[in-house]
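Have a look at the structure below, then the notes.
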Amino acid sequence: MAQSHDHGSQGHDHSHGAGHVHGSTDKKRVLTAACLTAGFMVAEALGGLLTGSLALLADAGHMLADSIALGLAWYAFHLAGRPATVRLTYGFGRIKTLVAYTNGIAIFAIALWIVYEAWQRLLTPAPVLGGPMLVVAIAGLLVNIAAFFVLHGGDRESLNMRGAILHVLGDLLGSVAAIVAALIILATGWTPIDPILSVLVALLILSTAWSLMREAAHVLLEGVPASLDRDLIAKDIEGTVKGVREVHHMHVWSLDGSSNMATLHACLNDGVDAHTAVSAIKKRLASEHGIAHATVEPEFGQCADCHHAHDGEHDHAHDAAPHHDHYH
């Protein structure tokens, strides 16, 4: 039985080229945002200590974690640009997804800390200096807006970039909460608004962090990308590529949330040229389904992997038995 390991060089090169351009600019954007965040984090932490504001301290703590997270995101882009090795044949592209997942966990930890501190503040209220708190919060908002717009122009299909944006967005919301709290304290003297608004920001951050972690985990588990339907793709190949009788053992996944890949067995009619059929399948996958990197195994007759099959029966793409998984 012949087997093709050609990965569709044209489509793959094009995708890699586009990814390289995005990665280069995104890398600079993340580094700029990291420097802005780290620079102001010190000022906000001092401001929180001097004014007694939990909102400022919480935002400063968030910015500290974000500075580290943005640094990791930058390093992930740096590693992703390295070529594949003998041991890491797909390269370092998935590092970005790992960092995105780690960022989600970090955001969860920060949000839970903010909730705990807010509860302590509500039990034992502390004085808050509204005027200085307002000045520091406004300065923080301006820095966070600048960092947000730097990142917002990047590739929002990248989980790593979305994780970085999420961190800065959390800082931005934290600054807004601190400004609102400072204004209310100046107007009414009611200091519990400080921890209350901190909790509201934490809860909002938790929901967005969960979404990021879920998507990153789906990529790490090599799930089918949300924009694709494996079974429909299999039927499309069967219906449009001449000479293909059946597609089975099909797996579709993403390396980093943007580069889609697939492996499949294509059962061909007798007399069909395998190379021509495989080329047609790869072209169809790239042009119609955005899958530029594919491994296609052509077959005639019974599938060699279906040891339990009877009289030429095959597992279709709908059968996802784990012992038939093949990642080439």
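Each residue of the sequence shown is one higher than the one before, counting from -16 in the numbering used here. Even glycine gets a Cβ: it sits at the ideal position worked out from N, Cα and C. The model shown is predicted, which means the values in this text are computed figures rather than measured ones.
(request) Please determine, among G284, V202, K265, the residue with the shortest C-alpha to C-alpha distance to A275. (result) When each option's Cα is compared against that of A275, the closest is K265.
(message) Determine whether the beta carbon atoms of A185 and A94 lie at a separation below 8 Å.
(response) Yes, they are a contact pair.
(request) Indicate the three-state DSSP secondary structure (helix, strand or coil) for L71 in the structure shown. (result) When secondary structure is reduced to three states using DSSP, L71 falls in the coil class, being assigned neither helix nor strand.
(request) Can you check DSSP and say which residues form a bridge with V230? (result) The partner list for V230 (beta bridge, DSSP) reads A249.
(message) Cutting at 7 Å between CB atoms, please list the residues of its own chain near A43, excluding the five before and the five after it.
(response) Result list for A43: M24, E27, A28, G31, in chain order.
(message) Please list the terminal residues of the continuous beta strand (DSSP E) segment that includes T174.
(response) Counting along the chain, no beta strand (DSSP E) covers T174, and no H or E run does either.
(message) Applying the 10 Å Cβ sphere with the 16-neighbour rule, what's the burial state of E282?
(response) By the Cβ-count criterion, E282 is buried, with 16 or more other Cβ atoms from all chains shown falling within 10 Å of its own Cβ.
(request) Quickly, what does DSSP pair S237 with across the bridge? List them, please. (result) S237 is bridged by DSSP to N243.
(message) Less than 6 Å between C-beta atoms, sequence neighbours within five positions excluded: which residues of the same chain meet that for H299?
(response) Any reading at H299 must be qualified, since the residue scores a pLDDT of 48, below 50, and its modelled position is unreliable; the value itself is stated next. H231.
(request) Kindly indicate which three-state DSSP category P115 falls into: helix, strand or coil? (result) Under the three-state reduction of DSSP output, P115 falls in the helix class.
(request) Give the straight-line distance between the Cα atoms of L58 and C286, rounded to the nearest whole angstrom. (result) Residue identity differs from the one stated: residue 58 is Tyr in this sequence, not Leu. Answer to the nearest angstrom: the Cα atoms are 44 Å apart.
(message) Taking only three categories from DSSP, how would you classify T278?
(response) In this structure, T278 counts as strand in the three-state DSSP scheme.
(request) Using a threshold of 8 Å, state whether the C-beta atoms of L195 and L149 are closer than that. (result) Cβ atoms of L195 and L149: closer than 8 Å.
(request) Measure the Cβ-Cβ separation of T85 and L55 and say whether it is below 8 Å. (result) A contact, by the Cβ cut-off of 8 Å.
(message) Please return the same chain residues whose Cβ sits closer than 7 Å to the Cβ of P175, not counting the five positions on each side in sequence.
(response) Once the five neighbours on either side are set aside, the close Cβ partners of P175 are L105, P108.
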